[in-house]
Amino acid sequence: MKTLKDAKPGETVKLVKYHETGDIGLRRHLLGMGFVKGAEIKIKKVATLGDPIEMSIKGYDVCLRKEEAENIEVE
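Shown next as C-alpha cells:
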C-alpha cells in the first residue's frame, strides 16, 4: 500500500482511496478541490524535511502536510 506521502517529486500517481482514520472535514475539503478516486496527482516538490508536499491536481497547485498525505492511498 502506497500513500501520497511516499510519492517522489516528478512522479504522477492516481488516487485510490482515503483511509478511514483521516480527518473527515479535510477529506470533504479535498474532495471539493478535485481529490476524487482516479484523479491524477503530480508531485512537484517535497520540502527539505519532507513537510509540506507540493503537488498539482486538475490544474491546481496544492500543498499538504505529511500527516494529511499519509491518509491518501495512491497507485
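Per my numbering, the sequence shown starts with residue 14, numbered consecutively.
Every residue, glycine too, gets a C-beta built ideally from N, C-alpha and C.
Expected contact under 8 Å - CB spacing of residue i and residue j to nearest Å
{"i": "LEU28", "j": "PHE48", "result": "6 Å"}
{"i": "MET46", "j": "VAL26", "result": "Actually they do not touch by this definition, with Cβ atoms about 16 Å apart."}
Rounded straight-line distance, which links the Cα of residue j to that of residue i
{"i": "LYS57", "j": "ASN84", "result": "19 Å"}
{"i": "GLY51", "j": "LYS30", "result": "9 Å"}
{"i": "GLU53", "j": "ILE37", "result": "21 Å"}
Residue range of the alpha helix (DSSP H) that includes residue i
{"i": "LEU77", "result": "Element bounds for LEU77: not the alpha helix (DSSP H) but the beta strand (DSSP E), 73 to 77."}
{"i": "LEU44", "result": "37 to 45"}
N-terminal and C-terminal residue of the beta strand (DSSP E) that residue i is part of
{"i": "LYS27", "result": "25 to 31"}
{"i": "LYS57", "result": "53 to 59"}
{"i": "VAL87", "result": "85 to 87"}
Where residue i falls: helix, strand or coil (DSSP)
{"i": "LYS18", "result": "helix"}
{"i": "GLU80", "result": "helix"}
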